[in-house]
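Note sheet for the following structure.
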Amino acid sequence: MATSSSTSAEQQFDVILIGGGIMSTTLGTILKELEPNWSIALYETLDQAGQESSDPWNNAGTGHAALCELNYTPRGTDGAISTAKAQGINEQFQVSRQLWSHWVENGTLGSPRTFINALPHVSFVWGEENARYLKDRYEALKPLPLFRDIEHTEDLDEISTWAPLLTEGRDPQQRVAASKIDSGTDVDFGSLSRQLANHLTGSDVDLRYGHEVTAVSRGADGRWQLKVHNKAAGQKFTASARFVFVGAGGGALSLLQSSGIPEIKGFGGFPVSGKFLRSTDSSVAERHHAKVYGLASVGAPPMSVPHLDTRFVEGRRTLMFGPYAGFSTSFLKHGSITDLPFSVRPHNLLPMMQVGASNTDLVTYLMKEVTTSQKRKIEALRHFYPQADDEAWELITAGQRVQVMKKDAKGKGVLQFGTELVAGADGTIAGLLGASPGASTAPSIMFRLLERCFPAQLETWRPRLQEMIPSYGHQLNEDPRLLAEISAATSTSLQLDA
Ligand SMILES: Cc1cc2nc3c(=O)[nH]c(=O)nc-3n(C[C@H](O)[C@H](O)[C@H](O)COP(=O)(O)OP(=O)(O)OC[C@H]3O[C@@H](n4cnc5c(N)ncnc54)[C@H](O)[C@@H]3O)c2cc1C
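Position 438 of the sequence shown, counting from 1, maps to 438 under the UniProt record's numbering, and the rest follow consecutively.
Rendered as structure tokens:
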């Protein structure tokens, strides 16, 4: 196996990871465990890992397991509640729980409380039709082993024992409904990224902060050549690898475009920024212990579902509400306003225009959100927390999401809200576009990447993969006994029982 060598002309590696967010640090840590002798470099343009979308204040920190997010259980045209997406996301989160448990047990990660905390996940709605929907959703999920612990009520007093801020000052005549699952979590993906990055540094990975990758191209020898800018030293150099992961978040589209792989053709990005209200009154935060998700308003994209969340960041408990959407043409919080215009290519112009024309609801929604005053933002909060005091909330700017625009099977441009793994045909380069459900499912996405890009190694890796993920290759919803075993074991390792 090749080892890294450094010449003034070029640095050579087996693997180069671009970006130090949750995706690259997860993949790097998995690869180091599977192939300790592979030489790996990671280049991050900022001065720390996990400072873009993975930073705890740039995302909502929800351990997405589809326990409370209503957009994962839509009512179909036949009137039935579809649970397929919710099951798929929950299965993926079970993989995350197992991998993080494994890393706590082998010392890769520190105390679980530094990155994951138990927190009930609650869905809360008001109005007749919404209450009926929530009841039907409860009936559809309850028989599934993954959701067996779901509780449901329309009783205001019971809801008040789950989350008193929701009920205090609320009109007792208003029809409300709530469902709750106690096994939810709040996750600090920034802390996770930084702990994994520190582990990589201590595992012989050549991890460089303040290093921006400006272009990726194929060399004559078939290896990928990266142009890297060491910003502090003002130096530029070339690094090459036989496999490259473009885990650059909002920066991934332009780097994948620069690689020239045909698979990126037709893809475009549509940036939607997020803002949250954060409580400045710690006594209020002490009175709420849940993530409470509602329903998105008409025309709103699924990631704009409002929620009132307890957050645990750096040992402090806080309360947060949002998100409110914003618009900026930058693809990264630390990016440039030219990101969107510079991402337009002849091959993605038409799909991007088609997306604009067929998503007028979204455009109207965004224009409304961007012009919404602080007063209107507080009014939205009061739908959840009627007695919210407007003096006790500050507006913070979260991360940028770059929603994927791509051609559908008929060649028409469509907007997609999920995470898209784009890989070159020979599996030597791959990158991630999109945002949702994002960080929570990073381990599953990275295992999918391994299957796509390293098929020849998979059989050799299988025993190690099964050590990391005891349920590897199994659907836990189909195996309630294994599900119970794994839930108990991961709750203990991740200290989620207390
Ligand atoms: C408002 C909001 C709320 C969200 N809520 C949730 C949630 O509740 N739960 C959840 O699971 N997910 C959530 N997400 C999604 C989640 O944050 C992302 O899916 C996840 O953080 C993406 O991780 P990443 O590593 O791909 O990207 P990032 O964390 O953005 O990391 C990319 C890194 O690449 C670096 N980089 C970029 N370009 C270059 C370059 N050219 N050279 C070198 N380095 C580069 C960046 O500086 C950055 O550090 C949310 C996102 C947003 C924006």
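C-beta atoms are modelled at their ideal positions from N, C-alpha and C, and glycine is treated no differently.
- Message: Run through the DSSP bridge pairs and tell me what A215 is partnered with.
- Response: Answer by DSSP bridge pairing, in chain order: K227.
- Task: With DSSP collapsed to three states, give me the class of R148.
- Result: In the three-state DSSP reduction, R148 falls in the coil class, being neither helix nor strand.
- Can the beta-carbon of V244 be found closer than 8 Å to that of V216? V216 sits close to V244, with the two beta carbons spaced by under 8 Å.
- Where do the ends of the beta strand (DSSP E) carrying K236 lie? Looking at the DSSP string, the run of the beta strand (DSSP E) that includes K236 is 235 to 246.
- Item | Cα-Cα separation, G487 to C453 | The amino acid occupying residue 487 in the given sequence is Ser; Gly does not appear at that position. Approximately 30 Å between the Cα atoms of the pair.
- In three-state DSSP terms, what is P386? It is coil, neither helix nor strand.
- Message: Rounded to whole angstroms, what is the Cα-Cα separation between V370 and M352?
- Response: Taking the straight line joining both Cα atoms gives about 21 Å.
- Using the C-alpha atoms, what's the distance from R208 back to A233? Rounded to the nearest whole angstrom, the CA to CA distance from A233 to R208 is 12 Å.
- Whole angstroms is fine: what's the gap from K180's alpha carbon to R462's? Between K180 and R462, the alpha-carbon positions lie close to 36 Å from each other.
- DSSP puts M320 in a beta bridge; with which residues? R278, D309.
- Is any heavy atom of ligand 1 found at a distance shorter than 7 Å from the C-beta of F13? Result no, Cβ not under 7 Å from ligand 1.
- Item | Contact set for A140: own chain, Cβ-Cβ below 6 Å, skip 5 residues either direction | Cβ within range, chain order: I81, T83.
- Message: Using CA atoms only, rank isn't needed, just tell me which of A163, P56, K377 is closest to L119.
- Response: Out of A163, P56, K377, A163 has the C-alpha closest to the C-alpha of L119.
- Query: Cβ atoms of A423 and E263: under 8 Å apart, would you say?
  - Reply: Closer than 8 Å, so yes.
- Does at least one heavy atom of ligand 1 sit under 7 Å from the Cβ of V292? Ligand 1 never approaches V292 closely enough for any of its heavy atoms to be under 7 Å from the residue's Cβ.
- Query: Measuring from the CB of V404, is there a heavy atom of ligand 1 at a distance below 7 Å?
  - Reply: Result no, Cβ not under 7 Å from ligand 1.
- Query: Hey, P271 and L340 are a contact pair by Cβ (cut 8 Å); roughly how many whole angstroms apart?
  - Reply: Contact flag correct, Cβ pair sits at about 6 Å.
- Residue range of the unbroken alpha helix (DSSP H) whose run includes F267: No alpha helix (DSSP H) holds F267; DSSP gives it neither H nor E.
- Message: Please report the straight-line C-alpha distance between T490 and C68, rounded to a whole angstrom.
- Response: C-alpha of T490 to C-alpha of C68: approximately 20 Å in a straight line.
- P120 beta carbon near ligand 1 (any heavy atom closer than 7 Å): Result no, Cβ not under 7 Å from ligand 1.
- Item | Whole-angstrom distance between L192 and S4, CA atom to CA atom | In this prediction, S4 scores a pLDDT of 45, lower than 50, which makes its location untrustworthy; no coordinate-derived value is stated.
- Query: Excluding five sequence neighbours on each side, which residues of the same chain lie with their C-beta closer than 6 Å to the C-beta of K85?
  - Reply: These residues qualify, in order along the chain: Y72.
- Task: Taking S101 and L450 to be in contact with their CB atoms under 8 Å, please state how far apart those CB atoms are, rounded to whole angstroms.
- Result: Between L450 and S101 the Cβ distance is about 19 Å, and since that is not below 8 Å, they are no contact.
- Task: Taking S440 and T62 to be in contact with their CB atoms under 8 Å, please state how far apart those CB atoms are, rounded to whole angstroms.
- Result: Correct: roughly 7 Å between the Cβ atoms.
- Query: If you draw a straight line from the alpha carbon of G438 to that of V176, how long is it in whole angstroms?
  - Reply: In this model, G438 and V176 are separated by some 30 Å (Cα to Cα).
- CB A380 to CB V15, shorter than 8 Å? No, the Cβ-Cβ distance between A380 and V15 is not below 8 Å.
- Item | Same chain, Cβ closer than 8 Å to M446, five either side skipped, listed in chain order | Beyond the five residues adjoining it in sequence on each side, M446 comes within less than 8 Å, by CB distance, of M23, T26, L27, I30 in the same chain, given in chain order.
- Item | Among E10, L34, I40, nearest to L17 - alpha-carbon criterion | Among E10, L34, I40, the Cα nearest to that of L17 is on I40.
- Task: Evaluate contact between the segment 273 to 293 and the segment 317 to 334, counting only Cβ atoms and requiring at least three cross-stretch pairs below 8 Å.
- Result: Yes: at least three Cβ pairs fall under 8 Å.
- Exposure of P306, with buried meaning 16 or more beta-carbon neighbours within 10 Å: P306 is buried by the Cβ-count criterion.
- Quick one: what does DSSP say A409 is sitting in, helix, strand or coil? Three-state result, A409: coil.
- Return the residue from the list A178, Q195, S358 that minimises the CA-CA distance to I116. Taking only the C-alpha atoms, the option nearest I116 is Q195.
- Compare the beta carbon distance of D186 and T310 with 8 Å and say whether it is the shorter of the two. Taking 8 Å as the Cβ cut-off, D186 and T310 qualify as a contacting pair.
- Please report the residue range of the alpha helix (DSSP H) in which E44 lies. Secondary structure note for E44: it is in no alpha helix (DSSP H), and the uninterrupted beta strand (DSSP E) holding it is 40 to 44.
- Item | Nearest-angstrom Cβ-Cβ length linking Q45 and H211, presumed shorter than 8 Å | First, the amino acid is wrong: residue 45 is Thr here, not Gln. Indeed, because the Cβ distance is near 7 Å, the residues count as touching under 8 Å.
- Query: Where does Y472 sit, in a helix, a strand or coil, going by DSSP?
  - Reply: In this structure, DSSP gives Y472 a state outside helix and strand, which the three-state scheme calls coil.
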